[in-house]
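Q: My structure is below; once you've seen it, I'll send some questions.
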Amino acid sequence: MTARGDDLEPWAPEEHLPADARRMGLNSLVPDGALLELAGSLDGTKRSHRLVAWVLLVAMLAPVALTVLSLLR
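Just so you know, the sequence shown maps onto residues 83 to 155 in the working numbering.
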């Protein structure tokens, strides 16, 4: 942002973080913010972006599924 805080610098990357995440202090430099930034930048009309979204979903759900399976044994 500029000194006045009204315009983005032309070289500044576009942010895809929700306003709530920015209010909590997340940005692309922290792990949770980087993951939100990646997920927010995905475009549902592109096949490769949908594939990345599915891979992220599996990566997030795999530890939960493995934990539930180990508890049921």
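The beta-carbon is built from N, C-alpha and C at its ideal position, and this holds for glycine as well.
What's the gap between the Cα of leucine 151 and the Cα of leucine 138?
A: As a working mapping, residue 151 is identified with position 69 in the sequence shown. As a working mapping, residue 138 is identified with position 56 in the sequence shown. Roughly 20 Å between the two C-alpha positions.
Q: So, are the CB atoms of leucine 111 and histidine 98 less than 9 Å apart?
A: Against the sequence shown, residue 111 aligns to sequence position 29. Against the sequence shown, residue 98 aligns to sequence position 16. Not a contact, by the Cβ cut-off of 9 Å.
Q: Just how far apart, CA to CA, sit proline 113 and arginine 132?
A: Mapped onto the sequence shown, residue 113 falls at position 31. Mapped onto the sequence shown, residue 132 falls at position 50. Cα-Cα distance, rounded: 21 Å.
Q: Taking Cβ positions, are alanine 101 and glycine 115 nearer each other than 9 Å?
A: Translated into the one-based positions of the sequence shown, residue 101 becomes position 19. Translated into the one-based positions of the sequence shown, residue 115 becomes position 33. Going by C-beta atoms, alanine 101 is not nearer than 9 Å to glycine 115.
Q: Can you tell me the Cα-Cα spacing of alanine 135 and methionine 142, whole angstroms?
A: Counting from 1 along the sequence shown, the entry for residue 135 is found at position 53. Counting from 1 along the sequence shown, the entry for residue 142 is found at position 60. Cα to Cα, alanine 135 sits roughly 11 Å from methionine 142.
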